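Asker: First the structure, which I've put down as structure tokens, then a few questions once you've had a look.
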Amino acid sequence: SDNEPKIEELLKKLKKLQQKLDLEEDVKEAYSLKNTLHDEEDASIEVLKLQEMLNEKNTCRSLQLKCEDLEQESQQFELKQQKEELAGQYGCQIQETKLRHRKIMKFENHLQQLMGQHKNLYTVFTPERLSTEIQSAEYATQQLLKAQQMLEQVAHLQEQLNKAQATDSVKRMHDELFTKILHS
1277 SDNEPKIEEL LKKLKKLQQK LDLEEDVKEA YSLKNTLHDE EDASIEVLKL QEMLNEKNTC
1337 RSLQLKCEDL EQESQQFELK QQKEELAGQY GCQIQETKLR HRKIMKFENH LQQLMGQHKN
1397 LYTVFTPERL STEIQSAEYA TQQLLKAQQM LEQVAHLQEQ LNKAQATDSV KRMHDELFTK
1457 ILHS
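If you want it as structure tokens, here you go:
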């Protein structure tokens, strides 16, 4: 019976030890769970960081592609502008060349006409024929002067004739009036 309290005590101690062991096991399990949760949290944070980095890389890549596209468009636009400017310059040069060509052609035609006129004048007024042409011109001038004098004489005679006719008509009217007065 003396042993009984010892057994009971031992049983209590054993029970306490068992509880302590259970608690320790629970604490170990809790620590393990905590560590696992902590590791999972770290892993989740790492996953989030990696996803963020991936998103940033994708955004960077997308922006880089857009930049490349814009750069290519810009280069194409510049090339197009350069081509248009060159086309405009060439167009102006072509117009200037055409205008110069037209002026040259016009000048050449005028020069040919002048040369033709000069040839005609030279054949008409050769030194051998010059004295004959001068005499012919002087004769024509004399003939024109004579014709002018004759025209003046004809005009003077016409004027005298008109006056004479007017005088005859007045004289006839006077005679008719006089005759009427006598017969009345």
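Residue numbers (this note's numbering): 1277 to 1460.
Heads up, the beta-carbon is just placed ideally off N, CA and C, and yes, glycines get one too.
A quick note: this is a predicted structure, and the numbers were derived from the prediction, not measured.
To the nearest angstrom, how far is the alpha carbon of Thr1312 from that of Leu1326?
Answerer: As a first step, residue 1312 is located in the sequence shown; it is residue number 36 there, counting from the start. As a first step, residue 1326 is located in the sequence shown; it is residue number 50 there, counting from the start. If you take the alpha carbons of Thr1312 and Leu1326, they lie about 20 Å apart.
Asker: Does DSSP put Thr1402 in a helix, in a strand, or in coil?
Answerer: Taking the first residue of the sequence shown as 1, we reach residue 1402 at position 126. In the structure shown, Thr1402 sits in coil (DSSP, three-state: anything other than H, G, I, E or B).
Asker: Measure the C-alpha to C-alpha separation of Glu1316 and Glu1305 and round it to an integer number of angstroms.
Answerer: Walking along the sequence shown from the start, residue 1316 turns up at place 40. Walking along the sequence shown from the start, residue 1305 turns up at place 29. Their backbone Cα atoms lie some 16 Å apart in a straight line.
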